[in-house]
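The sequence shown begins at 779 in my numbering and counts up by one.
For glycine and all other residues, C-beta sits at the position ideal for the given N, C-alpha and C.
Remarks on the structure that follows.
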Amino acid sequence: MAANERADASRADASRSEASRSAEIQTEADGCFGDFATMPAISCPDSTRVEEAGQQRGSVCAIIVAGGTGSRFGNPGGKQLVEIAGRPMLSWTIEAFDCAHAISHIVVVCPEERCAEYRVRAVEPYGFETPITFADAGMTRQDSTHAGLVAAPEGCAYVAIHDGARPLIRPETIDAAVQALCADADLDGVVCGQPAIDTLKIADPVGLIDSTPDRSQFWCVQTPQVFRTDALRQAMDLATRTGFVGTDDASLVEEAGGLLRCIEAPRDNLKVTVPEDLPLVEAIMQMRRN
């Protein structure tokens, strides 16, 4: 065979291989998004659903962790029901997942004694269409995530873990994280965040600086963190057996040997931790609504 013929054959083989891989990726994405796999993400303000009749939801369960006591926030009633732009903060968080194309079910993890209150104030008035169930929060964040995972319906191949106190999350960001995981069969999870932009210092317990690391290797992570359900379950089981306590859900999968990727998400996906966070979050929410 002539050299140019061999080159043409090689290119044809490569093209067929790439087409096969693209078909595999699309098949998996279809499993995540149903009929939404090829549609652009959309926003869904004021709980207005933008969904045509007959189109199916995806196969991702959202687990919204809202079990904290809000001790740093300084409110005896916690922070999940604090009003932002005229509504409980938790309702905004739920709305984003209700509008995300990939989400087929939502589990809200909250203190058992406040479940009815959360449902009446943050769910029932807003006409959400995605099925919503509740799970009892545990003693720690890790325990609460585990409770949400146990409550996830069978058949959800993926779970998206999110802080209830991040009400500015956008449906587009949720769907992008799910798509990134579905598009790479080698990944066990995807974590939303941003590359670090501030200078970082390593210091001792009294603040004496030891060194300045290369910030190009660091990310500031947020939620949602999206995982293959089996991978997170296995990581949770391992943590229970070994006593490992992670600082976020992704660290459990890392500890279990899983492969994860950071993807860049908007920096305005802020977490309400202290009262000083509220005015900024309120301003951003009002700006979006206007």
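Rounded to the nearest angstrom, what separates MET1014 and GLY985 at their Cα positions? C-alpha separation (whole angstroms): 34 Å.
Counting along the chain, where does the alpha helix (DSSP H) carrying GLY926 start and finish? Where GLY926 is concerned, the enclosing alpha helix (DSSP H) stretches over 919-929.
Look at the Cβ atom of GLY926, then the Cβ atom of VAL969, and state whether they are nearer than 7 Å. Cβ distance not < 7 Å, so GLY926 and VAL969 don't count as in contact.
Mapping DSSP to helix, strand and coil, what is LEU1010? Correct three-state label for LEU1010: helix.
How far does the beta strand (DSSP E) with GLN995 in it reach, from first residue to last? Counting along the chain, GLN995 sits inside no beta strand (DSSP E), nor does DSSP assign it H or E at all.
Skipping 5 residues on each side, what residues in its chain have a beta carbon closer than 6 Å to that of THR951? Cβ neighbours of THR951 beyond the five flanking positions: ALA1043.
Does DSSP classify PHE1022 as helix, strand or coil? DSSP places PHE1022 outside both helix and strand once states are collapsed to three, so it counts as coil.
So THR908 is in the beta strand (DSSP E); what residue range does that whole segment cover? THR908: not part of any beta strand (DSSP E); DSSP gives it neither H nor E.
Would you report the Cα separation of GLY1021 and GLU1033, rounded to the nearest angstrom? About 11 Å.
Buried or exposed for LYS857, please, with buried defined as at least 16 other CB atoms from any protein chain shown within 10 angstroms of its CB. Its Cβ being crowded by 16 or more others within 10 Å, LYS857 is buried.
PRO991 and LEU978 - do their beta-carbons sit closer together than 7 Å? In this structure, PRO991 lies closer than 7 Å to LEU978 by Cβ.
Return the chain-ordered list of same chain residues with a C-beta closer than 6 Å to the C-beta of ILE947, the five sequence neighbours on each side being excluded. Within the same chain, ALA874, ASN1047 come within 6 Å of ILE947 by CB-CB distance, once the 5 residues on both sides are set aside.
Expressed to the nearest angstrom, what Euclidean distance is found between the alpha-carbon atoms of ARG865 and ILE1041? Cα to Cα, the separation comes out at about 30 Å.
Same chain, Cβ closer than 8 Å to PHE996, neighbours up to 5 away in sequence not counted: PRO973, ALA974, LEU978.
Reference GLN1000, options ARG1019, ALA844, ASP964, ASP1026, closest by Cα: The residue with the shortest Cα to Cα distance from GLN1000 is ASP1026.
Exposed or buried, LEU1037, counting other C-beta atoms within 10 Å across all chains shown (16 or more means buried)? LEU1037 comes out exposed.
Can you list, in chain order, the residues of its chain with a C-beta nearer than 8 Å to that of PRO818? Leave out the 5 residues immediately preceding and following it. Any answer about PRO818 is weak, because its pLDDT of 39 lies below 50 and its placement is not dependable; what the coordinates show is given next. Within the same chain, PRO818 has no close Cβ partners at all.
Quick check on the burial criterion: 16 or more other C-beta atoms within 10 angstroms. Buried or exposed for ALA1061? Around the Cβ of ALA1061, a 10 Å sphere holds fewer than 16 other Cβ atoms; the residue is exposed.
In this structure, how does DSSP classify PRO1057 when only helix, strand and coil are distinguished? In the structure shown, PRO1057 sits in a helix (DSSP, three-state: H, G or I).
Three or more beta-carbon pairs under 8 Å between the region 906-915 and the region 877-896, yes or no? The region 906-915 is in contact with the region 877-896.
What are the boundary residues of the beta strand (DSSP E) that ILE881 is part of? 881-888 is the extent of the beta strand (DSSP E) around ILE881.
What first and last residue would you give for the beta strand (DSSP E) that runs through PRO970? Just to set this straight, residue 970 is Cys in the shown sequence, not Pro. It spans 967-973 - the beta strand (DSSP E) in which CYS970 sits, taken as one unbroken run.
Buried or exposed by the 16-neighbour rule on C-beta atoms within 10 Å, applied to ARG1006: So ARG1006 counts as buried.
Please report the straight-line C-alpha distance between ASP982 and SER989, rounded to a whole angstrom. Taking the CA atoms as reference points, ASP982 sits about 10 Å from SER989.
Looking at ALA863 and MET1063, is the spacing between their C-beta atoms short of 7 Å? Contact flag set, yes.
Would you identify the three-state DSSP class for ARG897, choosing helix, strand or coil? Reduced to three states, the DSSP call for ARG897 is helix.
Residues near PRO758 by beta carbon distance below 7 Å, same chain, minus five either side: Coverage of the chain is limited to positions 779 through 1068, which leaves residue 758 absent and any answer about it impossible.
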